[in-house]
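*Asks:*
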Amino acid sequence: MDNTIKFRRAGILLAYPMAYAYVRILLTGFFTEWGSAIALTALSVIFIIVNEIVRRGRRPFERRFKGETVFWYVMMVLAAFTAPFGANVALSVFAMHLCAVYSVLVSNDLLLGGKTGGFIPADLIHGFYVKSFAGFPNFITDWSSFGRNGNVSQKKQRNAAVILLAIGFVVIMFVFFAIALSFIARIDNDIAKAFEDCLAGFFEYLDNINFGTIFLRLFLAAPVCFYLYGLMSRSAKSDGVREKRIGGNISTGLEKGRKVPLIITCICAAFFVMLYILFFAKRTAYFLGGFTGNVPDGQLVSYFARDGFFELVGIMAVNMCVYLTIYLFEKRNSNGRTSVPGRILVTLLMIESIVFAVIAMSKLWLYFSIFGYTPKRMLAMWGTLALGCAALLSIFTVNRGKSHFRAGVFFTAASYIAVCILSWVLSSM
């Protein structure tokens, strides 16, 4: 039998057990952190194995792992393993899902932009909704692979029918035997006691099983199976032509939308730049206390460390939105780049964001040094670091005319895992 057919069949047979494991772990969980970490890690590894099996059943010419695929597989496994110990369990589980869907797209060369980049939100929407739901029927239609590799001979069909009939016969005989045994036990107490002693452990096990919960998991695993297998199978069957066409249409649409005159974008950006300069002139002395540890008289350290922190991070997020809006709508010059005045203003805006990030980190570090580690503070540190890095990469992008979004995505993913590992180390000390 062709190995491709074997992979296809194996992918179909493993889809439902994978879905049941997903439902079992995500809905029920485990009582210990280590139990949850091992279970989530095992689930992510199972997902990788099934995806590779399905992919090789549809793409026998692509057996080797690409570097980017390995990266997202590793991120998924690490996000799963560190979830119970990291900065935020829900965020880590969400990150595991993002990496899972994105890794399927990457492994099958189905990114709208051809590689990781600014289209990543559209790629994730494409994977979470388009590929998965469009592939819902695949779990049923792909069972036809069991009849391929040549027509199944009548002899094999007869053998399969004999095996099924034999299994049904044994089940029926077992039921009859149990009924007969119950009648015998009512007549002879010795026989009843002997079987009761032998089967006591078995019946005790049955008493402890919550069949309602099991049936609920079995029921919920069905749509999960259709969803996950649909995502993998649909992606593996795609040749990427449609995705490249969609990516090209999005790029064309973005180019057509860049019609806002330079004077308008520069005036708007200048308002933000001047606002922050005024803010720095008025509040710099106050915020420098985070670096020196000097707290204004009559103010608690805890209040000073928190005062303005989340507002600073919010300003950084707003600045990033301002930059992206300018990037999407400003009219470009003849060589397709942002104009010189626009580059200067965006650079100043991003430098101000980096200063905000440094001030926020100083306040957070002051809080750490006095009150110690908590997962929420670690998560705040990661968010500040990620926004600061995004501002720095934006400066490179606007001045060099080359997008650094790809580097930002990789840094954000890797830095989050690093923070989760650091959180785990600190919590175990």
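Going by my numbering, the first residue of the sequence shown is number 6, and it counts up by one from there.
We treat Cβ as the ideally placed atom computed from N, Cα and C, and that holds for glycine.
None of the values given here were measured: they were computed from a predicted structure.
For T87 versus I422, is the C-beta spacing smaller than 9 Å?
*Replies:* Yes; because the gap between Cβ atoms is below 9 Å, this pair is in contact.
*Asks:* Roughly how many whole angstroms lie between the Cα atoms of S137 and R239?
*Replies:* Cα to Cα, S137 sits roughly 7 Å from R239.
*Asks:* R29 and R222 look like a contact to me (Cβ under 8 Å); what is the Cβ gap, rounded to whole Å?
*Replies:* Contact flag correct, Cβ pair sits at about 6 Å.
*Asks:* Taking buried to mean at least 16 other C-beta atoms within 10 Å of its own C-beta, is S97 buried or exposed?
*Replies:* The residue is buried, with at least 16 neighbouring Cβ atoms inside 10 Å.
*Asks:* Considering only C-alpha positions, which residue in the set A105, I400, N113, R14 is nearest to R4?
*Replies:* Here the chain covers residues 6 to 434 and nothing more, so residue 4 does not appear.
*Asks:* For T46, which residues in the same chain have their Cβ closer than 8 Å to its Cβ, ignoring the five residues on either side in sequence?
*Replies:* If we look at T46 and ignore the five residues flanking it on each side, its Cβ neighbours are V82, A85, F86.
*Asks:* Look at the alpha carbon of S433 and the alpha carbon of V414, and state the distance between them as a whole number of angstroms.
*Replies:* Cα to Cα, S433 sits roughly 29 Å from V414.
*Asks:* Measuring alpha carbon to alpha carbon, tell me which of L398, A185, C394 ends up nearest S420.
*Replies:* When only C-alpha atoms are compared, the closest one is C394.
*Asks:* Cβ of M23 within 9 Å of Cβ of F52?
*Replies:* Yes, the pair counts as a contact, with Cβ atoms nearer than the cut-off.
*Asks:* Please report how far the alpha carbon of C439 lies from the alpha carbon of K368, in whole angstroms.
*Replies:* Past the edges of the chain, shown from 6 to 434, lies residue 439, and the structure says nothing about it.
*Asks:* In chain order, what are the residue ranges of uninterrupted alpha helix (DSSP H) at least 4 long that sit wholly in the stretch 232-277?
*Replies:* Runs found: 246-262.
*Asks:* So what does E335 bridge to, in DSSP terms?
*Replies:* Answer is V265.
*Asks:* What does the alpha-carbon distance come out to for the pair H1 and G119?
*Replies:* Outside the displayed span of the chain (6 to 434) sits residue 1, for which this structure offers no information.
*Asks:* Between F133 and the rest of its own chain, which residues show a CB-CB distance below 6 Å, the 5 nearest in sequence each way excluded?
*Replies:* For F133, where only same-chain residues beyond five positions count, the Cβ hits under 6 Å are V106.
*Asks:* Shortest alpha-carbon distance to L354 belongs to which of L371, V323, S374, G377?
*Replies:* Closest option to L354, Cα to Cα, is V323.
*Asks:* For E357, count the other beta carbons within 10 Å of its own beta carbon; 16 or more makes it buried, fewer makes it exposed. Which is it?
*Replies:* Its Cβ being crowded by 16 or more others within 10 Å, E357 is buried.
*Asks:* Report the three-state DSSP secondary structure of N8 (helix, strand or coil).
*Replies:* The answer is helix: DSSP assigns N8 an H, G or I state.
*Asks:* So I30 is in the alpha helix (DSSP H); what residue range does that whole segment cover?
*Replies:* Note, I30: premise wrong, no alpha helix (DSSP H); not H, not E.
*Asks:* Decide if W39 is buried, meaning its Cβ has at least 16 other Cβ atoms within 10 Å, or exposed.
*Replies:* Exposed, since its Cβ has fewer than 16 Cβ neighbours within 10 Å.
*Asks:* At a cut-off of 8 Å, is F188 close to the ligand ADP when judged by its beta-carbon and the heavy atoms of the ligand?
*Replies:* This structure does not include the ligand ADP; it has no bound ligands of any sort.
*Asks:* Candidates F76, D244, L31: which alpha carbon is nearest P89's?
*Replies:* Minimum Cα distance to P89 is reached at L31.
*Asks:* Indicate whether the contact test is met: 3 or more Cβ pairs, each with one atom in the stretch 54-64 and one in the stretch 400-413, closer than 8 Å.
*Replies:* No, the stretch 54-64 does not touch the stretch 400-413.
*Asks:* Anyone know if the C-beta pair for W77 and V55 falls short of 9 Å?
*Replies:* Not in contact: W77 and V55 (Cβ atoms no closer than 9 Å).
*Asks:* Can you tell me which of L390, S256, G245, I125 puts its alpha carbon nearest to the alpha carbon of A362?
*Replies:* Nearest option by C-alpha distance: L390.
*Asks:* For A427, which of W387, C230, F144 has the nearest alpha-carbon?
*Replies:* Residue 427 is actually Leu in this sequence, not Ala. Selected option, being the one with the closest Cα: W387.
*Asks:* Please classify C326 as buried or exposed, where buried requires at least 16 neighbouring CB atoms within 10 angstroms.
*Replies:* Under this definition C326 is an exposed residue.
*Asks:* Beta carbon of F144, beta carbon of A20: below 9 Å?
*Replies:* Cβ atoms of F144 and A20: closer than 9 Å.
*Asks:* V75 to C104, Cα distance in whole Å?
*Replies:* If you take the alpha carbons of V75 and C104, they lie about 11 Å apart.
*Asks:* Using a C-beta cutoff of 9 Å, does T343 count as contacting chain D?
*Replies:* Among the protein chains of the structure shown there is no chain D, as only one such chain exists.
*Asks:* In whole angstroms, give me the CA-to-CA distance for G252 and G123.
*Replies:* So the alpha carbons of these two residues sit roughly 11 Å apart.
*Asks:* Between V175 and L236, what straight-line distance do the alpha-carbon atoms span, to the nearest angstrom?
*Replies:* Each residue's Cα considered, the two are about 38 Å apart.
*Asks:* Quick one: grab the DSSP three-state call for S344.
*Replies:* S344: coil per DSSP, three-state reduction.
*Asks:* Looking at the unbroken alpha helix (DSSP H) that takes in L398, where does it start and where does it end?
*Replies:* It spans 380-405 - the alpha helix (DSSP H) in which L398 sits, taken as one unbroken run.
*Asks:* Between the Cα of Y27 and those of Y332, A227, G262, I168, spot the shortest distance and give me the residue it belongs to.
*Replies:* Among Y332, A227, G262, I168, the Cα nearest to that of Y27 belongs to A227.
*Asks:* Applying the 10 Å Cβ sphere with the 16-neighbour rule, what's the burial state of R14?
*Replies:* Label assigned to R14: buried.
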